[in-house]
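Trainee: Numbering (our numbering), first residue to last: 16 to 346.
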Amino acid sequence: MSIAISILDLAPISKGQTARESFEGSVALARAAEASGYERVWYAEHHNMPTIASSATSVVIGYVAANTSTIRLGAGGIMLPNHSPLVIAEQFGTLATLYPGRIDLGLGRAPGSDQNTMLALRRDNSSAESFPQDVLELNGYLTGHSRIPGVQSVPTPDGPVPLYILGSSLFGAQLAAQLGLPYAFASHFAPDALHQAVTVYRETFRPSAQLETPYVIAGVNVFAASTSASAEEQRVRAYRSRTRAFITRGARGGNFTDAEIDAFLASPAGAQLSNMTRYTAVGTPDEVREYLLKFASETGADELITAHHASDLSDRVRSIELTGAAVRSGA
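(1) Mapping DSSP to helix, strand and coil, what is residue 321?
(2) Can you list, in chain order, the residues of its chain with a C-beta nearer than 7 Å to that of residue 302? Leave out the 5 residues immediately preceding and following it.
(3) Can you have a look at residue 24 and say buried or exposed, based on whether 16 or more other CB atoms are within 10 angstroms of its CB?
(4) Does the distance from the C-beta atom of residue 233 to that of residue 184 stay below 7 Å?
(5) Using the Cα positions of residue 226 and residue 197, report the straight-line distance between them to the nearest angstrom.
(6) Tell me whether the region 338-346 and the region 246-260 touch, counting them as touching only if at least three CB pairs, one residue from each stretch, are closer than 8 Å.
(7) Helix, strand or coil: which one does DSSP assign to residue 53?
(8) Using the rule of at least 16 other Cβ atoms within 10 Å of the residue's Cβ for burial, across every protein chain shown, is residue 267 buried or exposed?
(9) Looking only at C-alpha atoms, which of 27, 17 and 161 sits nearest to residue 67?
(10) Closest by CA to residue 54, which one among 88, 258 and 341?
(11) Buried or exposed: where does residue 166 fall if 16 or more other Cβ atoms within 10 Å of its Cβ makes it buried?
(12) Just tell me which of 283, 172 and 48 has its CA closest to the CA of residue 113.
(13) Does DSSP put residue 30 in a helix, in a strand, or in coil?
(14) If we count Cβ pairs, one from each stretch, closer than 8 Å, do we get three or more for the region 138-150 versus the region 72-90?
(15) Under the assumption that residue 156 contacts residue 168 (Cβ atoms under 8 Å), give the Cβ distance between them as a whole number of angstroms.
(16) Tell me whether the beta-carbon of residue 321 lies closer than 7 Å to the beta-carbon of residue 237.
(17) Per DSSP, what are the beta-bridge partners of residue 296 in this structure?
(18) I'd like to know whether the C-beta atoms of residue 355 and residue 58 end up nearer to each other than 7 Å.
(19) Could you tell me the alpha carbon to alpha carbon distance between residue 339 and residue 98, rounded to whole angstroms?
Have a look at this one:
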């Protein structure tokens with residue numbers, strides 16, 4: 016079995032690192048992915064998170080596109096209720112004009128932020144309710160068939176900007192199926208509804224001008240290293256750091272020891288957080304390939320979006336390279 020693989024890059028700002036260094040790291044990851052046979056790199060819209068640099072998602076995509084050659088780049092995703100469809104059409108129409116055939120646009124309806132940040136974004140509490148209509152309006156602009164009389168998006172790209180619906184619930188699956196769009200499930204951090212959502216999507220899919228048959232992307236975390244022990248060490252270190260960030264929510268203090276973090280994750284209170292990373296491939300290239308192929312087979316995924324979380328950039332780059340080579344060798 017062969018499987019297409021892509022990358023989700025959160026553009027993390029590590030402790031002691033600047034945002035600019037994070038962007039340079041994103042270029043290094045994309046170049047490694049380009050050389051290793053990955054389909055695309057996704058960047059997610061998050062706001063008010065000191066450890067994530069991809070808030071201005073379209074700008075990050077443009078920077079990485081200018082420093083790579085062939086790999087597809089996209090938003091995974093743009094949280095459309097935060098924006099007017101016209102503005103996003105202008106941004107991604109511009110990107111697709113500058114980098115034809117390389118730009119994808121994944122769309123979600125979550126705010127990607129907390130309540131106060133959502134309000135600071137000028138987002139109405141009810142704006143998510145118009146998400147299906149906003150997707151159609153956006154697609155109209157990008158294809159040169161505006162649904163708003165007298166309004167067009169400039170520039171309109173010569174070629175298509177493929178749309179993807181992102182989600183972690185049945186709503187996204189149903190919408191993607193109704194619109195005939197590819198569906199990406201965020202199982203790398205919200206695994207519970209994965210199988211049900213994929214089933215609903217495939218069973219209710221309607222062909223569209225963009226897509227004739229269902230196309231499923233599933234998220235999975237990856238720690239690939241030359242030895243199983245090294246990969247496991249990277250996993251433990253990264254997930255401890257992630258747990259600290261969740262517990263403190265950016266507040267000062269919270270200097271929990273490793274033992275305290277491990278005890279929390281093993282407790283009933285930490286069970287939900289541990290469950291979020293249920294789908295994680297850890298080990299040597301062969302072990303990671305075996306996990307990914309089994310995961311793809313069990314979920315019916317056409318493509319896997321891999322999230323490489325090692326704390327050190329060099330380890331993330333190496334994980335990308337090892338995983339890419341391993342998947343290609345098993346194709």
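No residue lacks a Cβ here, since even glycine has one placed at the ideal position from N, Cα and C.
Mentor: Concretely, from the data shown:
(1) Residue numbering aside, residue 321 sits at position 306 when the sequence shown is read from its first letter. Here residue 321 sits in strand by DSSP.
(2) The residue labelled residue 302 in the question sits at position 287 within the sequence shown. Short of 7 Å from the beta carbon of residue 302, and not among the five residues preceding or following it, lie these beta carbons of its own chain, in chain order: 243.
(3) One-based indexing of the sequence shown puts residue 24 at position 9. Classification of residue 24: buried, given that the 10 Å Cβ count is 16 or more.
(4) The sequence position of residue 233 within the sequence shown is 218, counting from 1. The sequence position of residue 184 within the sequence shown is 169, counting from 1. Cβ distance not < 7 Å, so residue 233 and residue 184 don't count as in contact.
(5) For the purposes of this step, residue 226 is identified with residue 211 of the sequence shown, where counting begins at 1. For the purposes of this step, residue 197 is identified with residue 182 of the sequence shown, where counting begins at 1. When rounded, the distance between both Cα atoms is 7 Å.
(6) With the cut-off at 8 Å, the region 338-346 and the region 246-260 do not touch.
(7) Position 38 of the sequence shown, counted from the start, is the residue given in the question as residue 53. In the structure shown, residue 53 adopts coil according to DSSP, grouped into three states.
(8) Stepping through the sequence shown from its first residue, residue 267 is reached at position 252. Residue placement at residue 267 is flagged as unreliable, the pLDDT there being 46, under the threshold of 50; the coordinate-derived value follows with that caveat. Classification for residue 267: exposed.
(9) As a first step, residue 67 must be located in the sequence shown, where it is residue number 52. The candidate whose alpha carbon is nearest that of residue 67 is 27.
(10) Within the sequence shown, numbered from 1, the residue matching residue 54 stands at position 39. For residue 54, the nearest C-alpha among the options comes from 88.
(11) For this step, residue 166 is matched to residue 151 along the sequence shown. By the 10 Å Cβ count, residue 166 comes out exposed.
(12) Reading the sequence shown from its first residue, position 98 is the one you call residue 113. Of 283, 172 and 48, the residue nearest in Cα terms is 172.
(13) Position 15 of the sequence shown, counted from the first residue, corresponds to residue 30. It is coil, neither helix nor strand.
(14) Below 8 Å, too few C-beta pairs join the region 138-150 and the region 72-90 to call them touching: fewer than three.
(15) Taking the sequence shown and counting its residues from 1, one reaches residue 156 at position 141. Taking the sequence shown and counting its residues from 1, one reaches residue 168 at position 153. Yes, residue 156 and residue 168 are in contact; Cβ-Cβ is about 4 Å, under 8 Å.
(16) Counting from 1 along the sequence shown, the entry for residue 321 is found at position 306. Counting from 1 along the sequence shown, the entry for residue 237 is found at position 222. Yes, the Cβ-Cβ distance between residue 321 and residue 237 is below 7 Å.
(17) Mapped onto the sequence shown, residue 296 falls at position 281. Per DSSP, 237.
(18) The structure shown does not extend to residue 355, since the chain is modelled only from 16 to 346, so the question has no answer here.
(19) Taking the first residue of the sequence shown as position 1, residue 339 is located at position 324. Taking the first residue of the sequence shown as position 1, residue 98 is located at position 83. Approximately 35 Å, taken between the alpha carbons.
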